[in-house]
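Numbering (our numbering), first residue to last: 10 to 389.
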């Protein structure tokens, strides 16, 4: 085979890739590898494992980007059904680790809640596509039930972080499908009032012996620690205090790659996963963070562009929701590391070490590329 034919063959393999989106993802992966090398320099094998995870994520991304469009709609309901069934199986006889029942042994150990991060928006987008042109208030109620089932099962494990991400993914679909602001504004107002009351009566609500309804004890403790990290400086507050010190000590240009003292003196907990943003901030400073934020902004803007150009309601809703999932991941992770949100165990997308989460995000990128390919085929 001559070089020209080989080049043509290779090019055909990547026709499903959206080039601007692929470039941003490539740069984020590159920054993640740089940060992870520093964060895991005392953890042999972590970098190699992450490179393997990236290759697996890339393979999933490529596969989904090149699937026929209708396949995404066909797999929506089966994937949702399997995901919910696995969550029920987890509740019945799942593995317990660190006090939470989140995993299932099916030959390999899996975390079924990760499936729902993609299955929920897929299913809700499919549902509203089926109801296009005749969407009524009852359809939003049905969508709410479809969303509440997996969110409730995940929250019961307990896994509040994943439950909130799945909830957000579903709510984005419902909002983009045309939910009236008359229903949204009261909910936002209620949350705002609750936050003000929580801050105003922090001393009384966080006093020893006071139990909050709905939330587990450790979740209540996380919220109280967020309001005052110094109330438990050697416990739950330790994470927040040390990460804030790391971010602040980075200054404008950072201490330099591999030179982070908070990182390499083991003050930052979970530095290769949930708190990798603190590692990055300490070593690359405000300027590095600006570049990172710019890349996430470009990813979100490209995702919204793909959603706006999508040829069907299903594609528009799905692309919009997937895009907002990336925004939510980044916002929540940076917020909790910076001390403005509770620590809920949400990774920084495409930077944090991890296998399942990275593959899930690769599926999301693949869906965006698939929808972008639809647009190009329609235009041609």
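Even glycine gets a Cβ: it sits at the ideal position worked out from N, Cα and C.
Check your understanding: Among the residues of its own chain, which have a CB less than 6 angstroms from the CB of residue 87, if the five just before and after it don't count?
Key -> For the purposes of this step, residue 87 is identified with residue 78 of the chain shown, where counting begins at 1. Closer than 6 angstroms at Cβ, skipping near neighbours: no residue.
Check your understanding: Which whole-angstrom value describes the C-beta separation of residue 68 and residue 26, a residue pair presumed to lie in contact below a C-beta threshold of 8 angstroms?
Key -> Taking the chain shown and counting its residues from 1, one reaches residue 68 at position 59. Taking the chain shown and counting its residues from 1, one reaches residue 26 at position 17. Actually they do not touch by this definition, with Cβ atoms about 13 angstroms apart.
Check your understanding: Nearest to residue 289 by CA position, among 136, 360, 51 and 207, is which residue?
Key -> Walking along the chain shown from the start, residue 289 turns up at place 280. Measuring from the Cα of residue 289, the nearest candidate turns out to be 360.
Exercise for review: Classify residue 177 as helix, strand or coil using the three-state DSSP reduction.
Suggested key: By one-based count along the chain shown, residue 177 stands at place 168. Residue 177: helix per DSSP, three-state reduction.
Review point. Is it true that the CB of residue 373 sits closer than 8 angstroms to the CB of residue 105?
Key: Here residue 105 is taken as the residue at index 96 of the chain shown, counted from 1. Here residue 373 is taken as the residue at index 364 of the chain shown, counted from 1. Not closer than 8 angstroms, so no.
Point to revise | Straight-line gap, residue 149 to residue 83 (C-alpha atoms, nearest Å) | key: By 1-based counting over the chain shown, the position of residue 149 is 140. By 1-based counting over the chain shown, the position of residue 83 is 74. Distance between the alpha carbons of residue 149 and residue 83 is about 21 angstroms.
Check your understanding: Using 8 angstroms as the Cβ pair cut-off and three pairs as the minimum, do the region 326–345 and the region 28–39 touch?
Key -> no
Check your understanding: From the DSSP output, which residues share a beta bridge with residue 112?
Key -> On the chain shown, position 103 is the one that residue 112 refers to. Residue 112 pairs with 104.
Exercise for review: Spatial neighbours of residue 221 within its chain, please: CB distance less than 7 angstroms, with the 5 preceding and 5 following residues excluded, ordered by chain position.
Suggested key: Locating residue 221 in the chain shown gives position 212, where the first residue counts as 1. Counting only Cβ-Cβ distances below 7 angstroms, and skipping sequence neighbours, we find 229.
Exercise for review: Note down the Cα distance separating residue 315 from residue 255, rounded to an integer number of angstroms.
Suggested key: The residue given as residue 315 occupies position 306 in the chain shown. The residue given as residue 255 occupies position 246 in the chain shown. When rounded, the distance between both Cα atoms is 37 angstroms.
Point to revise | Per-residue burial, residue 329 [other beta carbons within 10 Å of its own, 16 or more giving buried] | key: Residue mapping note: residue 329 aligns to position 320 of the chain shown, counting from 1. Counting Cβ neighbours within 10 Å, residue 329 comes out buried, since at least 16 surround it.
Practice item. Just confirm the distance between the C-beta atoms of residue 350 and residue 207, as a whole number of angstroms; I'd bet it's less than 8 angstroms. Key: Here residue 350 refers to the residue found at position 341 when the chain shown is read from its first residue. Here residue 207 refers to the residue found at position 198 when the chain shown is read from its first residue. Going by Cβ atoms, the distance from residue 350 to residue 207 rounds to 13 angstroms, so no, they are not a contact pair.
Check your understanding: Given that a residue counts as buried once 16 or more other Cβ atoms are within 10 Å of its Cβ, and exposed if not, what is residue 196?
Key -> Within the chain shown, the letter at position 187 stands for residue 196. Answer is exposed; the Cβ neighbour count stays below 16.
Review point. Looking at C-beta atoms only, is the number of pairs between the region 316–336 and the region 240–252 that lie closer than 8 angstroms three or more?
Key: no
**Study point:** Endpoints, alpha helix (DSSP H) assigned at residue 251
**Key:** Position 242 of the chain shown holds residue 251. First-last of the alpha helix (DSSP H) with residue 251: 245–258.
Check your understanding: Does DSSP put residue 118 in a helix, a strand or coil?
Key -> For the purposes of this step, residue 118 is identified with residue 109 of the chain shown, where counting begins at 1. DSSP places residue 118 in strand when its eight states are reduced to three.
**Study point:** Cβ shell of residue 311 (< 6 angstroms), same chain only, five flanking positions each side left out
**Key:** For the purposes of this step, residue 311 is identified with residue 302 of the chain shown, where counting begins at 1. Excluding positions up to five away in sequence, the list reads 29 and 30.
Exercise for review: Report, in whole angstroms, the separation of the C-beta atoms of residue 174 and residue 337, which I expect to be a contact under 8 angstroms.
Suggested key: Along the chain shown, read from residue 1 onward, the residue named residue 174 stands at position 165. Along the chain shown, read from residue 1 onward, the residue named residue 337 stands at position 328. Contact holds; Cβ gap of about 6 angstroms.
Check your understanding: Where does residue 210 sit, in a helix, a strand or coil, going by DSSP?
Key -> Working through the chain shown from its first residue, we reach residue 210 at position 201. DSSP places residue 210 in coil when its eight states are reduced to three.
**Study point:** residue 267, buried or exposed, once every other Cβ within 10 Å from all chains shown has been counted against 16
**Key:** Locating residue 267 in the chain shown gives position 258, counting from the first residue. Flag for residue 267 reads exposed.
Exercise for review: Using the Cα positions of residue 283 and residue 231, report the straight-line distance between them to the nearest angstrom.
Suggested key: Taking the chain shown and counting its residues from 1, one reaches residue 283 at position 274. Taking the chain shown and counting its residues from 1, one reaches residue 231 at position 222. Going from the Cα of residue 283 to the Cα of residue 231 covers about 15 angstroms.
Point to revise | Spatial distance of residue 93 from residue 269 (CA atoms) | key: Counting from one through the chain shown, the residue named residue 93 turns up at place 84. Counting from one through the chain shown, the residue named residue 269 turns up at place 260. Straight-line Cα distance between these residues: approximately 43 angstroms.
Check your understanding: Taking the alpha carbon of residue 79 as the point to measure from, which residue in 212, 131, 54 and 302 has its own alpha carbon closest?
Key -> As a first step, residue 79 must be located in the chain shown, where it is residue number 70. Checking every option, the nearest Cα to that of residue 79 belongs to 131.
Exercise for review: Could you check the C-alpha separation between residue 97 and residue 121 for me, to the nearest Å?
Suggested key: Mapped onto the chain shown, residue 97 falls at position 88. Mapped onto the chain shown, residue 121 falls at position 112. Straight-line Cα distance between these residues: approximately 10 angstroms.
Exercise for review: Quick one: give me the first and last residue of the alpha helix (DSSP H) that residue 297 is part of.
Suggested key: Taking the chain shown and counting its residues from 1, the one referred to as residue 297 is at position 288. Where residue 297 is concerned, the enclosing alpha helix (DSSP H) stretches over 285–318.
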